[in-house]
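Counted from 1, the sequence shown has number 124 at position 124 by UniProt numbering; the numbering is strictly sequential.
Built from N, CA and C at the ideal position, the CB exists for glycine as well.
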Amino acid sequence: MHKIWMVASAGCNSSGGEDSTNHPQPGGNVESKKEDQYQSVTNNQSNSSSSVSKKVEAYIKEHIRPLCKSGVITTEQYKWAAAKTTDKVMKYHSKAKNANFLIKEGEKVKKLAEQYVETARQKEKTDPL
1 MHKIWMVASA GCNSSGGEDS TNHPQPGGNV ESKKEDQYQS VTNNQSNSSS
51 SVSKKVEAYI KEHIRPLCKS GVITTEQYKW AAAKTTDKVM KYHSKAKNAN
101 FLIKEGEKVK KLAEQYVETA RQKEKTDPL
């Protein structure tokens, strides 16, 4: 079941007056309402993949944040490991509508993040600034 969200917003060219395309009125322009609904649906679809990616990234960061806080890894290593892990996970779940796959695959994702953390630490040892 798809939810359609109607979003009312003032555009850049808005003079502050009411506009039926932004605020559907009873008995208003039916074509504008359909167009608004279509735009809301397509925006939600494009946002769903980025939303899943953000949830995956948050899951990974939550797991490796203590390593950064305790000084085991630097913030650069933390960010690098989180980004690499997120990219790899999303490569295999690019069509996912939600992040429920983390329920089953969460431990694998955590292990992958730990491997990237270790790689970052090894890289630091071989290439110190």
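Spatial neighbours of residue i within its chain, please: C-beta separation below 8 Å, excluding the five flanking residues on both sides.
| i | result |
| --- | --- |
| A113 | I60, H63, I64, A81, A82, T85 |
| L67 | I73, Y78, V117 |
Could you tell me whether any non-hydrogen atom of the ligand HEM is closer than 8 Å to the CB of residue i?
| i | result |
| --- | --- |
| K54 | Judged by which ligands are present, the structure shown has none, so any question about the ligand HEM falls away. |
Residues in the same chain with beta-carbon distance under 7 Å from residue i, minus the five sequence neighbours each way, listed in chain order, please.
| i | result |
| --- | --- |
| F101 | H93 |
| K88 | L112 |
| D127 | none |
| E57 | A82, T86 |
| I103 | none |
| K125 | none |
| L75 | Per the sequence presented here, residue 75 reads as Thr, with Leu not at that position. Taken in chain order, the residues that qualify are C68. |
Would you decide whether residue i is buried or exposed? Buried here means 16 or more other CB atoms lie within 10 Å of its CB.
| i | result |
| --- | --- |
| residue 130 | For the chain, the structure presents residues 1 to 129; residue 130 sits outside this window and is missing. |
| N43 | Confidence in N43 is poor, its pLDDT being 48 and thus under 50, which makes the residue's placement unreliable; the coordinate value appears in the next sentence. Result: exposed. |
Taking residue i as part of the alpha helix (DSSP H), name the residues at either end of that continuous run.
| i | result |
| --- | --- |
| D87 | 75–92 |
| A113 | 101–126 |
Less than 8 Å between the CB atoms is what I'm expecting for residue i and residue j, so what's the real figure, rounded?
| i | j | result |
| --- | --- | --- |
| M90 | S51 | Not a contact, Cβ separation roughly 12 Å. |
| K69 | A99 | Their Cβ separation, rounded to whole angstroms, is 24 Å, which puts K69 and A99 out of contact at 8 Å. |
Does any residue of chain B have a CB that is nearer than 9 Å to the CB of residue i?
| i | result |
| --- | --- |
| R121 | Absent from the structure is chain B; it holds one protein chain and no more. |
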